[in-house]
Amino acid sequence: MTPGTRLPDVTFRTRVRDDAIGGANPYRWQDVTTADYFAGKRVVLFSLPGAFTPTCSTYQLPGYEAAFGDMQKLGIDAIYCLSVNDGFVMNQWAKAQALQNVTVIPDGSGEFTDKVGMLVRKDNLGFGARSWRYAAVIHDGVVEAWFEEPGRCDDCADDPYGASAPEAVMGWLQTARVSEPA
Numbered sequence: 400m401t402p403g404t405r406l407p408d409v410t411f412r413t414r415v416r417d418d419a420i421g422g423a424n425p426y427r428w429q430d431v432t433t434a435d436y437f438a439g440k441r442v443v444l445f446s447l448p449g450a451f452t453p454t455c456s457t458y459q460l461p462g463y464e465a466a467f468g469d470m471q472k473l474g475i476d477a478i479y480c481l482s483v484n485d486g487f488v489m490n491q492w493a494k495a496q497a498l499q500n501v502t503v504i505p506d507g508s509g510e511f512t513d514k515v516g517m518l519v520r521k522d523n524l525g526f527g528a529r530s531w532r533y534a535a536v537i538h539d540g541v542v543e544a545w546f547e548e549p550g551r552c553d554d555c556a557d558d559p560y561g562a563s564a565p566e567a568v569m570g571w572l573q574t575a576r577v578s579e580p581a
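Under the working numbering, residues 400 to 581 are what the sequence shown spells out, in order.
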């Protein structure tokens, strides 16, 4: 995707806590649209190959979680982590990571990921279709900046990480803030 491109309209199948349900698993299905997540907000979206995977769980997600306060000072309203995983997996990953600042978005069927051109095969790892690693600054549903890891391809032998790291996005946000007219 390139700056100025509007995000595709997609409906995400999420699981949300509803204490009225009771029991050990008080969650219900809730459809959330692209507009619900992005309209009227300036957000950082990052996507990764899979919940509970090493780079994603050790560096990328915790890095964004820790960077929220600093990004918020630079005009970011929310940080979203998207993966081609279902709502059950994404919720358990958020719980395991003790997330307070990052909202997870399940793209279980890969529809959004496919429409933004980032769906790749990872059959060499037994993953099937997954997202290539990227990040973006999105303003009111329109791409403001795009950070894609190099070498996007199916069954990639490598898992590059750096271009979509929170430090890279933070650097861009700081530079964009400095270059804004007074």
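Backbone N, C-alpha and C fix where the C-beta goes; we use that ideal spot for every residue, glycine too. Predicted model only: the values in this text are computed from it and were never measured.
Legend entry - CA-to-CA distance, Gln491 to Pro549, given in whole angstroms: Using only the alpha carbons, I get a separation of about 29 angstroms.
Inset, instruction - In the DSSP assignment, find the beta strand (DSSP E) that holds Asp539 and state where it starts and stops. - result: For Asp539, no beta strand (DSSP E) run applies, since DSSP gives it neither H nor E.
Inset, instruction - State the DSSP-derived secondary structure class of Arg405, mapped to helix, strand or coil. - result: Here Arg405 sits in strand by DSSP.
Inset, instruction - Determine, using beta carbons only, whether Tyr463 and Pro565 come nearer to each other than 8 angstroms. - result: Going by C-beta atoms, Tyr463 is nearer than 8 angstroms to Pro565.
Legend entry - Thr452 versus Met517 - alpha carbon distance: In a straight line, the C-alpha of Thr452 is about 18 angstroms away from that of Met517.
Legend entry - Alpha-carbon to alpha-carbon, Pro448 and Ser456: Between the alpha carbons of Ser456 and Pro448 lies a gap of roughly 11 angstroms.
Legend entry - For Asp418, the first and last residue of its enclosing beta strand (DSSP E): For Asp418, there is no enclosing beta strand (DSSP E), as DSSP marks it with neither H nor E.
Legend entry - Host beta strand (DSSP E) of Ala528 (start-end): Here the beta strand (DSSP E) through Ala528 covers 528-530.
Legend entry - Leu481 beta carbon less than 8 angstroms from that of Asp513: Against a cut-off of 8 angstroms, the Cβ pair of Leu481 and Asp513 comes out as no contact.
Inset, instruction - Reducing DSSP to helix, strand and coil, say where Pro505 ends up. - result: Here Pro505 sits in strand by DSSP.
Inset, instruction - Could you tell me whether the segment 400-413 touches the segment 431-439, where touching means 3 or more Cβ pairs closer than 8 angstroms? - result: Yes: the two stretches touch, three or more of their Cβ pairs being nearer than 8 angstroms.
Legend entry - Environment of Ala535 [buried if 16+ CB atoms lie within 10 Å]: Buried is the call here.
Inset, instruction - Spatial neighbours of Ala581 within its chain, please: CB distance less than 6 angstroms, with the 5 preceding and 5 following residues excluded, ordered by chain position. - result: Here the model assigns Ala581 a pLDDT of 49, short of 50, so the residue's position is not dependable and the matter cannot be decided.
Legend entry - Between the CA atoms of Phe487 and Met569 - distance to the nearest angstrom: Going by the C-alpha atoms only, they are around 30 angstroms apart.
Legend entry - Element boundaries [alpha helix (DSSP H), containing Thr512]: Looking at the DSSP string, the run of the alpha helix (DSSP H) that includes Thr512 is 510-514.
Legend entry - Whole-angstrom distance between Asp476 and Gly468, CA atom to CA atom: Their backbone Cα atoms lie some 10 angstroms apart in a straight line.
Inset, instruction - Select from Gly509, Trp545, Tyr533 the residue whose C-alpha is nearest the C-alpha of Gln459. - result: Of the listed residues, the one whose Cα sits closest to Gln459 is Tyr533.
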